[in-house]
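*Asks:*
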Amino acid sequence: MSWRLKNPSVDAWITRTGGMLAPVTFRLPDGRQVQPFAIAPWVGEKLPAETPPLIRTLRGDFFGAPFGGNGTPWRGERHPPHGESANADWGFAGATRGRDETSLNVRLACEVRPGTIEKRLMLRRGHNAIYCEHTLSGFSGPMSLGTHPCLRMPEGEGSARVSAGGWEWGEVVPLPFEDPALGGYSALQTGARFESLAAVPLANGGMADLSRCPARAGFDDLVMLVGRAGRSLGWSAVTFPDEGWAFIQLKNPEVLRHTLLWHSNGGRHYAPWNGRHRRVLGLEETTSYFAYGLAESAKPNALKRAGYPTTVTLSQKTPLRVAHILAVAAIPRGFDVVADVVSVPGGVVLTAGNGKTARAVVDVGFLRG
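Sequential numbering of the sequence shown, starting at 2, is according to my numbering.
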């Protein structure tokens, strides 16, 4: 079951199970239509009963609370991968449809750690954007959080360009991401640090360019871009120069501190992946310790010891609002890769590495409520 949210600029579907956003069609001002989100190839197939709902439904963007695999319990709490928010059935809580604004509200009562998550998705007239808001109420204690857009990459090797703003350094996941004995394969050097997406150490020597997608067919890898403090606007982006548009994700970096990049290109050969989840990029904005889960994020870890938060602290008395914006923008011929995103009256300006610019109509003020 899915709900539909639509206006002249955006046509979006949201699954009841996991509250996942996809398929989504954005209509650019020149009439072109783009569909940035990936849907797992096994969706709709008959899968083993023990398959988590997250995997059964896997697509588009979803909210992880607690974000991560959650294989290790935390003080008696046994959360599913990426939390109940990505696995349980959400309940309809209302909708609005007006000339300038259309919204969907759904609600989830969590059981593992009692509390309520309110999800509000909103479209605005003339904006090629989806405004996403999650409000956590009634919870207490540490929590890892994250968004999880899964983007479909084009077939041309390296034809899409990946970038993000405001990070101190990058690090490959510190423990092996995949196990060849189980049919999983990774290419990057475990635990390697890097200063540029264009030069990330490979396990077998040499460097990989993570600023270009798709690449490294037959491998799945995960890296974290550690967020710098003091930013007013956080962003990540994928540019499609050959197609003339860019995807951008905007966030409040005080709530979602870091960026995870999951390069999924056929590296998982166990069911239901079976080597067929290819040319997908996870562009994930988080406050977490990589994608391990709540226990690893709440306990002492290398990032926390270095002064970088890996959880937020929830209070029963004060709800936490987590907002992010998913948007697309037309780009001019020759625009190579998003190098900066700056808030201006009425939207944001995207500046390319080669100096060309594009503009997106978006309400950045939504991020801080």
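Each residue gets a CB set at the ideal place from its N, CA and C atoms; glycine is no exception.
Just to confirm before moving on: does the CB-CB distance between G19 and P67 stay below 8 angstroms?
*Replies:* Within the sequence shown, numbered from 1, the residue matching residue 19 stands at position 18. Within the sequence shown, numbered from 1, the residue matching residue 67 stands at position 66. No, these two residues do not count as a Cβ contact at 8 angstroms.
*Asks:* What did DSSP end up calling V365 once you bin it into helix, strand or coil?
*Replies:* For this step, residue 365 is matched to residue 364 along the sequence shown. Correct three-state label for V365: helix.
*Asks:* Please classify F93 as buried or exposed, where buried requires at least 16 other C-beta atoms within 10 Å of its C-beta.
*Replies:* Here residue 93 refers to the residue found at position 92 when the sequence shown is read from its first residue. Result: exposed.
*Asks:* Within its chain, find whatever has a CB closer than 8 angstroms to the CB of G184; leave out the 5 residues flanking it on each side and keep chain order.
*Replies:* On the sequence shown, position 183 is the one that residue 184 refers to. Hits under 8 angstroms: R269, H270 and Y271.
*Asks:* With DSSP run on the structure shown, which of helix, strand or coil describes I40?
*Replies:* Residue mapping note: residue 40 aligns to position 39 of the sequence shown, counting from 1. Strand.
*Asks:* CA-CA distance, H149 and G61?
*Replies:* Residue numbering aside, residue 149 sits at position 148 when the sequence shown is read from its first letter. Residue numbering aside, residue 61 sits at position 60 when the sequence shown is read from its first letter. Going by the C-alpha atoms only, they are around 8 angstroms apart.
*Asks:* Whole-angstrom Cβ separation of A247 and V343, contact assumed at under 8 angstroms?
*Replies:* Indexing the sequence shown from 1 puts residue 247 at position 246. Indexing the sequence shown from 1 puts residue 343 at position 342. About 14 angstroms; that fails the 8 angstroms criterion.
*Asks:* From this set, I40, A41, P42 and R57, which residue's C-alpha is nearest L48's C-alpha?
*Replies:* As a first step, residue 48 is located in the sequence shown; it is residue number 47 there, counting from the start. The shortest Cα separation from L48 among I40, A41, P42 and R57 belongs to R57.
*Asks:* How many whole angstroms separate the CB atoms of A292 and G70, which I take to be in contact at a CB cut-off of 8 angstroms?
*Replies:* For this step, residue 292 is matched to residue 291 along the sequence shown. For this step, residue 70 is matched to residue 69 along the sequence shown. About 6 angstroms separates the two Cβ atoms, so the contact holds.
*Asks:* Residues in the same chain with beta-carbon distance under 7 angstroms from Q190, minus the five sequence neighbours each way, listed in chain order, please.
*Replies:* Counting from 1 along the sequence shown, the entry for residue 190 is found at position 189. Taken in chain order, the residues that qualify are V173, P202, L203 and A204.
*Asks:* Where do the ends of the alpha helix (DSSP H) carrying L304 lie?
*Replies:* Along the sequence shown, read from residue 1 onward, the residue named residue 304 stands at position 303. Residues A303 to R306.
*Asks:* Alpha carbon to alpha carbon, how far is V163 from G373? Give it in angstroms, no decimals.
*Replies:* Residue coverage of the chain in this structure runs from 2 to 370, which leaves residue 373 outside it and unanswerable.
*Asks:* Quick one: complete alpha helix (DSSP H) runs, 4+ long, within the region 8-71?
*Replies:* Segments of the alpha helix (DSSP H) lying fully in the region 8-71: 54-58.
*Asks:* Under the three-state reduction of DSSP, which class applies to A96: helix, strand or coil?
*Replies:* Taking the sequence shown and counting its residues from 1, one reaches residue 96 at position 95. Reduced to three states, the DSSP call for A96 is strand.
*Asks:* Looking at the secondary structure, which residues open and close the alpha helix (DSSP H) in which L295 lies?
*Replies:* The residue given as residue 295 occupies position 294 in the sequence shown. L295 -> alpha helix (DSSP H) spans L295 to A299.
*Asks:* Considering only the alpha carbon of each residue, which of W236, D243, V107 and E244 lies closest to L262?
*Replies:* For the purposes of this step, residue 262 is identified with residue 261 of the sequence shown, where counting begins at 1. That would be W236, whose Cα lies nearest to the Cα of L262.
*Asks:* Where does P424 fall in DSSP's three states?
*Replies:* Here the chain has residues from 2 to 370 only, and residue 424 is not among them.
*Asks:* Please identify the residue among M144, L59 and H128 whose C-alpha is closest to the C-alpha of S316.
*Replies:* Mapped onto the sequence shown, residue 316 falls at position 315. Comparing Cα positions, the closest option is M144.
*Asks:* When the Cα of L295 is compared with those of A39, R33 and P82, which residue comes out closest?
*Replies:* The residue you call residue 295 lines up with position 294 of the sequence shown. The shortest C-alpha separation from L295 is found at P82.
*Asks:* State the DSSP-derived secondary structure class of A87, mapped to helix, strand or coil.
*Replies:* Indexing the sequence shown from 1 puts residue 87 at position 86. In this structure, A87 counts as helix in the three-state DSSP scheme.
*Asks:* Which same chain residues end up closer than 6 angstroms to R5 when comparing Cβ atoms and leaving out the 5 residues on each side of it in sequence?
*Replies:* As a first step, residue 5 is located in the sequence shown; it is residue number 4 there, counting from the start. Cβ within range, chain order: W14.
*Asks:* Using 8 angstroms as the cut-off, can you tell me whether the region 175-183 makes contact with the region 208-228, which would need three or more C-beta pairs spanning the two stretches below that distance?
*Replies:* In short, these stretches touch, since the Cβ pair count reaches three.
*Asks:* What does a CB cutoff of less than 8 angstroms around A216 pick up in its chain, not counting 5 residues either side in sequence?
*Replies:* Position 215 of the sequence shown, counted from the start, is the residue given in the question as residue 216. Same-chain partners within the cutoff: E158, G159, A209, D210, H264 and N266.
*Asks:* If we count Cβ pairs, one from each stretch, closer than 8 angstroms, do we get three or more for the region 106-122 versus the region 240-256?
*Replies:* As far as the Cβ criterion goes, the region 106-122 does not touch the region 240-256, which means the pair count is below three.
*Asks:* Buried or exposed, going by whether 16 or more other CB atoms sit within 10 Å of the CB of R279?
*Replies:* Position 278 of the sequence shown, counted from the start, is the residue given in the question as residue 279. R279 is buried by the Cβ-count criterion.
*Asks:* In whole angstroms, what separates the C-alpha of P301 from that of G231?
*Replies:* As a working note, residue 301 is residue 300 in the sequence shown. As a working note, residue 231 is residue 230 in the sequence shown. Distance between the alpha carbons of P301 and G231 is about 23 angstroms.
*Asks:* Taking the beta strand (DSSP E) that E286 belongs to, which residues open and close that run?
*Replies:* Counting from 1 along the sequence shown, the entry for residue 286 is found at position 285. From DSSP, the beta strand (DSSP E) with E286 extends over V281 to T288.
*Asks:* Assign M2 to one of two classes, buried (16 or more other C-beta atoms within 10 Å of its C-beta) or exposed (fewer than that).
*Replies:* Within the sequence shown, numbered from 1, the residue matching residue 2 stands at position 1. M2 comes out exposed.
*Asks:* Between the beta-carbon of L351 and the beta-carbon of V339, is there less than 8 angstroms?
*Replies:* What you label residue 351 is simply residue 350 of the sequence shown in a count that begins at 1. What you label residue 339 is simply residue 338 of the sequence shown in a count that begins at 1. Cβ distance < 8 angstroms, so L351 and V339 count as in contact.
*Asks:* Would you report the Cα separation of P37 and W91, rounded to the nearest angstrom?
*Replies:* By one-based count along the sequence shown, residue 37 stands at place 36. By one-based count along the sequence shown, residue 91 stands at place 90. The straight-line gap from Cα to Cα measures roughly 24 angstroms.
*Asks:* Can you check DSSP and say which residues form a bridge with Y186?
*Replies:* Locating residue 186 in the sequence shown gives position 185, where the first residue counts as 1. DSSP output for Y186 lists no bridge partner at all.
*Asks:* Secondary structure at P202, three-state DSSP: helix, strand or coil?
*Replies:* As a working mapping, residue 202 is identified with position 201 in the sequence shown. In this structure, P202 counts as strand in the three-state DSSP scheme.
*Asks:* Please report how far the alpha carbon of G206 lies from the alpha carbon of A188, in whole angstroms.
*Replies:* Position 205 of the sequence shown, counted from the start, is the residue given in the question as residue 206. Position 187 of the sequence shown, counted from the start, is the residue given in the question as residue 188. Rounded to whole angstroms, G206 to A188 spans 10 angstroms at the Cα level.
*Asks:* At which residues does the beta strand (DSSP E) containing D221 begin and terminate?
*Replies:* Counting from 1 along the sequence shown, the entry for residue 221 is found at position 220. Looking at the DSSP string, the run of the beta strand (DSSP E) that includes D221 is F220 to G228.
*Asks:* To which residues of the same chain is P226 closer than 6 angstroms at the C-beta, ignoring the five residues directly before and after it?
*Replies:* Sequence index remark: in the sequence shown, residue 226 carries index 225 (1-based). The identity of residue 226 in the sequence shown is Leu, whereas the question assumes Pro. Excluding sequence neighbours, L226 sits near A165, W168, G171 and T260.
*Asks:* Give the straight-line distance between the Cα atoms of R125 and I131, rounded to the nearest whole angstrom.
*Replies:* Here residue 125 is taken as the residue at index 124 of the sequence shown, counted from 1. Here residue 131 is taken as the residue at index 130 of the sequence shown, counted from 1. About 8 angstroms.
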